[in-house]
Each structure stands twice: as C-alpha cells, then as structure tokens.
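Worksheet: one structure, shown below.
2 protein chains.
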Amino acid sequence: MIGIQDIRQAAERIAPHIHHTPIMTSRTINAMFGAEIFFKCENLQKVGAFKARGAVNAVMQLDEKTARCGVITHSSGNHAQALAYAAGLRGIACTIIMPDTAPAVKVAAVRGYGAEIIFCKPTQESRLRTMEEVAQRTGAHVVPPYDDDRIMAGQGTAGLELCEEVEGLDLVMAPVGGGGLMGGVATAVRATQPTAMIIGAEPVIAADAKMSLQTGLLQPPTDRLTIADGLRTGLSEKTFAQLRSMGVEIETATEDSIRRGTLLVMSRMKLVIEPSAGVTLGVLLEQPGLARGRRIGIILCGGNVDLGSLVFG
Amino acid sequence: MIGIQDIRQAAERIAPHIHHTPIMTSRTINAMFGAEIFFKCENLQKVGAFKARGAVNAVMQLDEKTARCGVITHSSGNHAQALAYAAGLRGIACTIIMPDTAPAVKVAAVRGYGAEIIFCKPTQESRLRTMEEVAQRTGAHVVPPYDDDRIMAGQGTAGLELCEEVEGLDLVMAPVGGGGLMGGVATAVRATQPTAMIIGAEPVIAADAKMSLQTGLLQPPTDRLTIADGLRTGLSEKTFAQLRSMGVEIETATEDSIRRGTLLVMSRMKLVIEPSAGVTLGVLLEQPGLARGRRIGIILCGGNVDLGSLVFG
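Those protein sequences? They're chains Y and W, same order as listed. Count along the first sequence from 1, add 16, and you get the number used in the working numbering. Count along the second sequence from 1, add 16, and you get the number used in the working numbering.
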C-alpha cells in the first residue's frame, strides 16, 4: 500500500522532468452535462501520457549500482515509451520486450527515445520468459507498468496536482486498466479532498475491475478487444488492494459511448486524446445523473492514438 | 488600409469576449526542423477559430440603431459561427445564408449559437442575391468574412498577441484564404517586429494569392477542391492591397504536405487542427531551409474539422 507521503515525495522527485500539465474546461461540455468539469490534460504530458510520471519516479529512485545495469520492461504501449524516456534522462540503458506484432509506429516511438527493443511472440508467456531471460543475462532492473509502489505513487501525482489546483471537487474520475493510475489518484484524492467520490471508468466489455471490486476477488482480464486499448489489462493484487482501501467505485461505458466521449473532447476542446481517455466521459454520457450539478475532475490519461484513418475535406 | 492602431483598438475592444489563446511549442517538431517554432493556438479560440476576433470587433462597433436590425452574412464555415457568436454577445439578431448543401454538423453549430439560417442554392450568385434580399427586407447589417477593415483589424489581434509574447521572431507564417487573417497579422508584425519575414501559406492547387502578388493583378480563386477548405476563397481588393503593402510573400504546399503538416501537429502536440492550419507546416516540410535556425511564429488558424472518419483500435 502507498500513502499520500509517497505521492508527495514522488511529486518532488519528478518535478524537474515532467510537465505540470494544464487543467482545461469547456463551456459547451459543462452546459451539456449541467456540471463543472475540470480536465487534467495528461495527453499533453511527456511521451503523451501520464505514464511518464510513474516511470520517472521509479528510475530516479534506483541506486547507482542497480541503475548501471539498466532497466527493462515488456510493453508495446505508453509504458514502453515512458520507461525509455526516464532511462534516457538518467543516461542508463533501457530494454523493451515487444511482441513481434507491435505496430511499426510504436516501435519507432520507443526507438526514438533511445531504447533497445527485443521482440518476442505475442503471448503473455513469451513476453515474461523473454524479459526474464534478458534481465538475468544483463542484470537489468524490471520496472513493471503498474504492479509497483513507485509506479503507483508516480501516477498519483496527476491526481495530487488536480486536487491542489481545483478545490471542492464532488467527484474525481480516471480510467482503470491495470489500476496504477487509479490507485495513485484515489490515494491523492482521499488525502486531500476526503469527501469526493472516486469513480474509475472501464469498458463494459472489459469490466474485470468492476467485477473484482464487486466480488472481492481479483478477476482476470477478459480477452475482448475494446477500442480503449490501454485498458485491456487487469488489476494486480497490489492495485486491487489500493482501489479497495480507497473506496473506489467502478462504472462502465459501451464501445459506442467511449467513441462518443473521445470525439466529444476532440471536437469541442480541440485536444487529441486516446479512447482510453474517453471512457470517463463515456460513463457520464450513459449516466448523466452522475454529473449533474457536480464539480468533477477527470484525468485525460493520454493522447497516443493512430490518426492515420482520418480523411479530410 | 488598416494600421497598427486599428489592431490595438480592436484588441482592447474584443478582450472581454475572446480567449487570449496560448502559444505552444513542441520539442520534437523543433528538433525535426532545427528551429524554434511558436504555435499560436487559435484552434482553442471561441468557436474554434480566429474568426471570432474579427466578427466580435465588427459587431461591437455597430451603433445602436444599426445593431438593432441585426447582422447578416453568407458563409458555411467558421465565419458563420463567429458572427452568430458575436451577435449573441450583443443580444442582436443574426442571419446566416447557407447553401442547401451545407453539412448538417455546420448547420447545427450555427443554430447552437442562436442564429437563424436561410438556405440558398449552392452558387455564389444565389448566396449574394439571397443575402441582399434578406438584408433589404430586414435592414440587417452585412458583415463580410474578410473584405472589411473591422474584420481584418480583429484578425490582426492574433498576430499582435504573438509578437507581444515572443520576441525576436525571424519569420511569421499564417495561411491565406481571403486574406483577412494574413492582412491583419502582417500589419501587426510589420509594426512590432519590423525585420521579421512574413510568409503566407497556400495550397499549391489554390495558389491565387501567390499569383496575385506575382502578377500584381488580383486573380480569381480556382475551383480546385483542396482539403484546406477554409482556403478555397480568393483575396479581395482590400486584402490584396494590405498584403502587398506589408511585403507578404506566399509559399505553397501540396495536398500531401498539408495532410502531413496537419497530422504532425495533431500527433505530436495533441492539438486538433483543421487542414487549413496545417498548410504552414506543409510549406516548411517542403522547404526545410525556410525553417532551419530560425525563430518562427505560426498562427494555427482553427480546429474545426470533421473527425467522423476516425477509426480507433
């Protein structure tokens, strides 16, 4: 379990290396929902997602000896770029294990931050085995994407900044995938604005976190392919415990609502966000009663989306 | 002809009603071009485009008697929304003449700002005739999209804000359609940073402004359909004279470069822009020598783009 002091220390540690992202509002969206919504723009964060916070917090804490052997993780998403960015800041080696099916654009992005990529078969087993082999050979330190106190504390700094800047929030929302962001953010909210409700948002077709909290038993992720691809992963024991202890509730959105929520932010706020960042607004589109009359903080988790299909004119 | 004093007065007049938009930078884009580029984010302006500036400047100057009869224009683009917004601020009637082929989303946007829409046939002749008929019947005051000193002065405030915030610019760029934005911005740049080059950006398939400046004769717009749909229109005598007198040069970009420039801002800066706002970067992609080693101010003119084709996941 992490506490607010871990998040405050993380905030101080990472401040020189990450953006204190802006909080934006939209008169149109506020009018639509009859609410005051404050969007914390982690899509404008380094590497285009909140993941930079946790990775920098983890890498900056390594002792010299550990750091010298470099860091390693398996990911084809934002955590890979984030760890590569953090390792580059510290001038240490970074190895990313990626499935050989990863899109070229993601491979290029990670290489752009100076990491070495080792490909594996696109199965969870191959990822883990390849990572362990390489880690044993090189002595590289494993930095997991969410099942890690340093990561959770780092991600929580986004919630801390939100709560320090916007007073009197009735509700704070963030998407839930592995639970690293939600675990950290919930901890920051509980400590600084204890009366606020905390709602995690999840695709209805990948609602393992909701089920885990309902049953009290950690549920595995489904294999359904939601467009909110950052949320396909499941909670870990660590993040599950954190969410339970902070009184997080989970609400779901359909794929159509996620799409509408994503396009609402893009068209009205002129901000590019990834579908994982549109799930929160998707929940409110389905349950407008959750929003009405409330002051709401929403973490827009990232903006890394493939725009190649966009047709102009 | 307008002068810097007109722009300064406009700035004061419209300040309570428009956003002083942020200026953003991207380390990645700077590294790509070997330049320092400052993006003035008029996509984050009221109604999603710089057009709010000119329309508000025009409407706020009307005497009481004129204002009471309302305002009118013909447009299916950003000027229609901008005039509707400005009229709403002053609490006066606004009529927009639109071709009956206008996309439903644009019709809805203008209605959303409280304007009345009257449809006409999709020809320039039908637009003008319908507008004149309605104006005569109602006494509504015509606010043209660019061929108007108040409009040009209003749009120029975007350039004034840029030049006041960023010192020592070597080059300022804006897209050129009717020339209202470029005329105003060039006037602000000449007065405040007289040594800066000023380059207007135009699609190569709709390069009437370039031809006009080269030949010294006002050329009609082509009927080629560029994806930069805001730039399909031609200069007027008034904007043409302003561009000539301010020493504006014009450079062009292909449709492919416009698309790449637009997606570059969207993917790296996480800002939604319309293709008309990507033409400037399109020019620099084709002529990187224009950028290298320079401090460059670019007006991102707007963010009103149809995102319906976007496929996620």
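Yeah, the Cβ is synthetic: ideal placement off N, Cα and C, and Gly gets one too. These numbers come from a predicted model, not from an experiment.
Which partner residues does residue i have in the DSSP bridge list?
i	result
Y:THR268	Y:GLU218
Y:ARG311	Y:GLU52
W:MET282	The partner list for W:MET282 (beta bridge, DSSP) is empty, contrary to what the question assumes.
W:GLY318	W:ALA65
W:HIS157	W:VAL87
Can you list, in chain order, the residues of its chain with a C-beta nearer than 6 Å to that of residue i? Leave out the 5 residues immediately preceding and following it.
i	result
Y:ILE113	HIS90, ILE134, CYS136, ARG143, THR146, MET147
Y:ALA131	ALA100, CYS110, ILE112
W:GLN235	ASP224, MET227, SER228
According to the neighbour-count rule (16 or more other Cβ atoms, all chains shown, within 10 Å of its Cβ), is residue i buried or exposed?
i	result
W:ASP116	exposed
Y:ARG248	buried
Y:VAL264	buried
Y:VAL159	buried
Y:HIS35	exposed
W:VAL121	exposed
Y:GLY324	exposed
Y:GLU141	exposed
Y:GLY232	exposed
Y:ALA47	exposed
W:ASP79	exposed
Y:GLU183	exposed
W:THR139	exposed
W:GLN97	buried
Y:ASP272	exposed
Y:ALA124	exposed
By Cβ distance, which residues of its chain are closer than 7 Å to residue i, with the 5 residues on each side in sequence left out?
i	result
Y:MET391	What the structure shows of chain Y is the stretch from 17 to 329, and residue 391 of chain Y is not part of that stretch, so it cannot be assessed.
Y:THR82	HIS157
Y:ARG284	SER42, THR44, ILE45
W:GLN209	CYS179, LEU185
Y:ALA222	PRO237, THR238, ARG240, THR242, LEU247, ARG248
W:GLU290	GLY246, GLY318, GLY319, ASN320, VAL321
Y:PRO304	PHE49
Y:THR173	ILE23, ALA26, ALA27, ILE30, ARG69
Y:CYS85	THR154, GLY155, ALA156, HIS157
Y:GLY199	MET168, THR255, GLN258, LEU259
Y:GLY93	GLY246
Terminal residues of the continuous alpha helix (DSSP H) containing residue i?
i	result
W:ILE167	165-181
W:GLU253	253-261
Y:ILE134	Counting along the chain, Y:ILE134 falls outside any alpha helix (DSSP H), though it belongs to the beta strand (DSSP E) covering 132-136.
W:PRO291	291-302
W:ALA124	120-128
Y:HIS36	It is not in any alpha helix (DSSP H) - Y:HIS36 carries neither H nor E in the DSSP assignment.
Y:GLY199	196-208
W:LEU229	224-231
Y:ARG248	Y:ARG248 -> no alpha helix (DSSP H), and no H or E assigned at all.
Y:LEU105	94-106
Y:ARG29	20-30
Starting from residue i, trace the beta strand (DSSP E) in both directions and tell me its first and last residue.
i	result
W:HIS90	87-90
W:PRO115	110-115
W:LEU187	187-191
Can you list, in chain order, the residues of its chain with a C-beta nearer than 8 Å to that of residue i? Leave out the 5 residues immediately preceding and following it.
i	result
Y:GLY194	PRO161, TYR162, ASP163, THR249, GLY250, LEU251, SER252, THR255
W:LEU279	GLY294
W:SER292	PRO191, GLY193, ALA244, ASP245, GLY246, LEU247, CYS317, GLY318
W:LEU332	Past the boundaries of the shown model lies residue 332 of chain W; chain W is included only from 17 to 329, so the question cannot be answered.
W:GLY19	THR203, ALA207
With distance defined between alpha-carbon atoms, name the residue in the options nearest to residue i.
i	options	result
W:GLY107	W:GLY93, W:MET76, W:VAL188, W:ASP224	W:MET76
W:MET282	W:GLU302, W:ALA51, W:LEU326	W:LEU326
W:THR238	W:LYS62, W:LEU229, W:GLN230, W:PRO219	W:PRO219
Y:ALA27	Y:ARG311, Y:ASN94, Y:GLU180	Y:GLU180
Y:LEU101	Y:ALA124, Y:ALA68, Y:LEU78, Y:VAL121	Note on identity: in this sequence residue 101 of chain Y is Tyr, with Leu being the wrong assignment. Looking at the Cα atoms, Y:ALA68 is the closest of the given residues.
W:PHE55	W:VAL188, W:ALA118, W:LEU197	W:VAL188
W:VAL295	W:THR268, W:GLY184, W:LEU99, W:MET40	W:THR268
W:GLU302	W:GLY216, W:VAL321, W:ILE274	W:ILE274
W:ILE312	W:ALA131, W:PRO138, W:ALA212	W:ALA212
W:ARG127	W:VAL63, W:ILE215, W:ASP165	W:VAL63
W:TYR129	W:HIS95, W:GLN152, W:PRO191	W:HIS95
W:PRO32	W:PHE49, W:ASP22, W:GLN61, W:ILE53	W:GLN61
W:ARG24	W:GLY298, W:MET40, W:GLU177	W:GLU177
W:GLY70	W:ALA131, W:MET168, W:ARG153	W:MET168
W:GLN171	W:ASP272, W:GLY329, W:ILE315	W:ILE315
Y:CYS110	Y:GLY93, Y:ASN73, Y:ALA118, Y:ALA151	Y:ALA151
Y:ARG308	Y:ILE88, Y:ALA51, Y:GLN21, Y:PHE328	Y:ALA51
Y:GLU58	W:ARG310, W:LEU297, W:LYS286, W:PHE328	W:LYS286
Y:VAL288	W:THR270, W:PHE328, W:ARG310, W:LEU297	W:PHE328
Tell me whether residue i counts as near the ligand NAP, meaning its Cβ is closer than 6 Å to at least one heavy atom of that ligand.
i	result
W:GLY184	The model depicted lacks the ligand NAP and carries no ligand whatsoever.
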